[in-house]
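Numbering (the UniProt record's numbering), first residue to last: 1 to 1148.
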């Protein structure tokens, strides 16, 4: 295609540029002498910032900047696209290509050419020409009728903008003048340039519209064409079969019409009826009668009278319709009989009654007056022979007439012109008196009925009983063996259908939790032959078992019928008994020190409950708590709760009311209708113990029976109340005591008193008094007696002194740190008290200090995120050896805090995460699965976390996550240490030292915080951070001070290095560090690959993408593997080096 090029250049300046001399050191075409050596400058680089502007119709404006390298040597630019090219002077950096095809995509290449006519490096760009605002009409629209009765539509694309056409919309319709409406017959969107549709109507004008649709879904201009279809005769199957409007003795009034699906619009002319008499089942041509009638305009229904005909004869008739195209084929022929007279009544009527029908036998009328074509039977009900209760609706009167025609039994060819006939009238009422009459009819009409004759139907199965119900229930009683009775009552069936003999009942009982132990009861009520029939009956059953769901079925038996009536059923649950507990065995216990907070909570474990009798199932339980030593101990009770038909919860004070009293009275700490047991109490199979923490709620929502906190240092009585659906029984009392809470004011007052006594009583008495009044944790070392730094050369000797006498000195150091944390540290924890943040804390006593807690951005557009985020997360900034915020110590994410965790990672641009716990430790949930498996992803709100790599490096797993939010994608490494139980230490100090050094060696920037978590984020997390800081100081200063390091950590987060074992483990790591064995450099390294057949492994196999990673094993100390990122992900990270545990020297 042709294009017009526009170059923005001043002709005068162009001529001047042509006369400019060639710059020095630029290549030119010259003839050199033999032996000459030409040194060519480097190749001209590509143009820069090549851009294409598509804002002008049918044009693309190219702009660029000269190349960075060699631009002074450019003579001209060569622009190429499609099969065309243009050369412009080097002074121009703008070029406009016009007369391009709209919506077409072109690739443009700009190539600089030097004075030696050599091409530089080309630069290309692809651009699409702007779309037309509205496409023009299609061209060469052509409409043709094709067989069979279809319309073909063809066209060609618009003359301009054909590349912009995505599809065509084709619509066809015709106009109905009578209604002045258009009827659409075809509408479709296609990418083709032709469509065919049908079946079209004859003699009809069709309009067809074709609209081109652009790729941006805009309609172009429409093109409309029209065509009139051909004339055709009417098809016979579009004409309704003829029918007789009236049948007389000498004429037939016939009718037919065009069907609605007639596809012919040609003008109608006339209709013709043709009737021929049948003689011995053959048509007689001599008797043929043809009648033709003119069809009025717009008529589609046609009637005509055919006469004269022979009476009492059979004629076969058909019809034809003529339009302007000619006559249609004849319609199918139908036979009609002329009229005759009515017959006499039938003779010899016999009746035989069945249980729900009457068999009727009769003979044909003596005088038929023609051929009998049907019989009519009239049946009338007189009354039932069984009693009908007063409350029942009277039987509906049965007064029916049955017409017997040939079509009454389609599968049997029957002629009513015989001698004897039989018919059964069904769907009658059993044991009921009826009368029957019969009449015959010919083509002339119906004759007279016979005289009425009586018959009684036989008895049948009774209907179900009415108003079957439970009137009342008695029992059980307190302190008595289980005994309960139920009163049933019911009414006589409204449809007894015979003489009543008895009622039969069965009770099928079962318990939902014990379907294999049914309880079946049977009973019956007999009625004598001469006994008076009552309207209502009743029965009392006292053989019930406790809390069984009975299905009670009641049936009726009548005389001379072997089958019982359908059973009426009702559901009945027997009352439960009162629970009776076996007090000889202990089935629950209380432990304060296993509770989350021993001073305010207690852990209740409910074991396997043993009962002394079967009373049903345990419906509910309640835990009742009361303070001891200031009031009488509570007494176990037994009582009913179901006096009014629905459970009435016994009145017990709640936590709010009980804790307002000086001595806490007995109150309920569990919710109302609490049911932790789902199996029946009588089931022998043991279940898992049920745990409940008393005092675990804050009770700030005003709920009934709140589980509020206990008082510290208080002795309580606990009673477990067991409920059935009828009553309850209390367990024996069990006593427990909460842990004491030493108040800082008491300590200060005590110390002040000691000082006064010291001045008065002398130094000896003062010292003695201080020993007596100091808390137990101060006896080893006071907070002011802090250990000094230990030089590395003295560490082995100091270590022996610290760990002699069962670690006495180490224990005192740790006690001093605990004292400092509990009584001297003045840090506030207030933000967590906000109600919306309580659920974000894994443990109620592990909370971040306000001064250094990690703040999340709360102004993000997170309204659509579930549980809208605020700025709180249970995480603390921790100061490192050199950097202010080198670490973030945080708890293991909970299900509801995973989104906050990954928000923190993105906000603080975290590069590495260290995980020191397993999700499940000793069958307890320590951390939720907040990251995906290999080659999988998890969405947390608008944040997606994908695991692209995973390696098992013996000591730990190393994973690579891609964290995406909107257009941001960040790479994060995940180091998962495998063997570190909760509240304990790793088996090997060397392993943890290696792991710590690997993390430090692989960190790209120490200014970016390293996220570390275990379960609570204090014990194992604090130990790891302390070890990392200690190792750095040992390397830099050749000194160690475990006490000072841990104390500094306690200033920044509670319980950092949580146990004495963890504190001692840090000393053991220091000793291991200075030992000679840990300084040796290993010769080899190894990767442990997870095998797929090891099903007990917690993580799936890892398949490394070798195109993305470079692996080198035992390569003389070089990195084990490099992980390369795509250019679009964290371009600043580059290649990150990873080391196997054996690649890190202990003295680095």
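C-beta: ideal position from N, C-alpha, C; glycine also. The model shown is predicted, which means the values in this text are computed figures rather than measured ones.
{"Query": "Let me make sure I understand the geometry here. Which of 398, 439 and 355 has the alpha-carbon closest to that of residue 416?", "Result": "439"}
{"Query": "Taking C-alpha atoms, which residue in 715, 593, 603 and 669 lies nearest to residue 632?", "Result": "715"}
{"Query": "For residue 897, report the span of its beta strand (DSSP E) as first-last.", "Result": "Counting along the chain, residue 897 falls outside any beta strand (DSSP E), and DSSP gives it neither H nor E."}
{"Query": "Label residue 460 either buried or exposed according to how many other C-beta atoms from any shown protein chain fall within 10 Å of its C-beta, with 16 as the threshold for buried.", "Result": "buried"}
{"Query": "Determine contact between the region 249-266 and the region 303-311, defined as no fewer than three beta-carbon pairs at a distance below 8 Å.", "Result": "yes"}
{"Query": "Cβ atoms of residue 1069 and residue 989: under 8 Å apart, would you say?", "Result": "yes"}
{"Query": "Where residue 1114 and residue 953 are concerned, what is the direct C-alpha to C-alpha distance, given to the nearest angstrom?", "Result": "Per-residue confidence for residue 1114 stands at a pLDDT of 31, beneath the threshold of 50, marking its modelled position as unreliable; no derived number is given."}
{"Query": "Hey, how far is the Cα of residue 299 from the Cα of residue 210?", "Result": "36 Å"}
{"Query": "Where are the beta strand (DSSP E) runs, 3 residues long or more, that stay fully inside the region 222-270, in chain order?", "Result": "223-228, 243-247 and 252-257"}
{"Query": "Is the beta carbon of residue 1161 sitting closer than 8 Å to the one on residue 393?", "Result": "Only positions 1 to 1148 of the chain appear in this structure, which leaves residue 1161 out of reach."}
{"Query": "Based on Cα-Cα distance, which residue from 485, 555, 513 and 497 lies nearest to residue 543?", "Result": "485"}
{"Query": "Could you spell out where the alpha helix (DSSP H) holding residue 84 opens and where it closes?", "Result": "Careful: residue 84 lies outside any alpha helix (DSSP H), inside the beta strand (DSSP E) at 84-89."}
{"Query": "What do you reckon, are the CB atoms on residue 1046 and residue 817 nearer than 8 Å?", "Result": "yes"}
{"Query": "With DSSP collapsed to three states, give me the class of residue 1019.", "Result": "helix"}
{"Query": "For a test of the three-state rule: what should DSSP assign to residue 847, helix, strand or coil?", "Result": "coil"}
{"Query": "Three Cβ pairs or more, each shorter than 8 Å: is that satisfied between the region 108-124 and the region 71-78?", "Result": "yes"}
{"Query": "Among 315, 261 and 851, whose alpha-carbon lies nearest the alpha-carbon of residue 285?", "Result": "315"}
{"Query": "Helix, strand or coil: how does DSSP classify residue 112 here?", "Result": "strand"}
{"Query": "Pick helix, strand or coil for residue 1034, following the three-state DSSP scheme.", "Result": "helix"}
{"Query": "Please tell me whether residue 698 has its Cβ less than 8 Å away from any Cβ of chain D.", "Result": "The structure shown has no chain D; it contains just one protein chain."}
{"Query": "Three-state secondary structure (DSSP) at residue 923?", "Result": "coil"}
{"Query": "Grouping DSSP H, G and I as helix and E and B as strand, with all else coil, what is residue 797?", "Result": "helix"}
{"Query": "Going by the DSSP bridge assignment, what does residue 318 pair with across the sheet?", "Result": "274"}
{"Query": "Could you check whether residue 628 and residue 717 sit closer than 8 Å to each other, using their CB atoms as the reference points?", "Result": "yes"}
{"Query": "Which partner residues does residue 172 have in the DSSP bridge list?", "Result": "186 and 208"}
{"Query": "Who pairs with residue 1013 in a beta bridge, going by DSSP?", "Result": "890 and 915"}
{"Query": "I'd like the list of long-range same chain contacts for residue 807, defined as Cβ closer than 7 Å, with 5 residues on each side in sequence excluded.", "Result": "1064"}
{"Query": "Between residue 236 and residue 329, what straight-line distance do the alpha-carbon atoms span, to the nearest angstrom?", "Result": "6 Å"}
{"Query": "For the alpha helix (DSSP H) that residue 1048 lies in, which residues bound it at each end?", "Result": "1042-1050"}
{"Query": "Residue 468 to residue 491, Cα distance in whole Å?", "Result": "7 Å"}
{"Query": "Just to confirm my understanding: we take residue 187, look at its own chain, exclude 5 residues before and 5 after, and list those with CB closer than 8 Å. What are they?", "Result": "169, 170, 171 and 172"}
{"Query": "Take residue 500 as the anchor and find which of 387, 587, 487 and 427 has the nearest alpha-carbon.", "Result": "387"}
{"Query": "Does the beta-carbon distance from residue 895 to residue 927 come in below 8 Å?", "Result": "no"}
{"Query": "Applying the 10 Å Cβ sphere with the 16-neighbour rule, what's the burial state of residue 1053?", "Result": "buried"}
{"Query": "Can you give the beta carbon distance from residue 669 to residue 623, rounded, assuming they're within the 8 Å contact cut?", "Result": "5 Å"}
{"Query": "From residue 63 to residue 87, what distance separates their C-alpha atoms?", "Result": "14 Å"}
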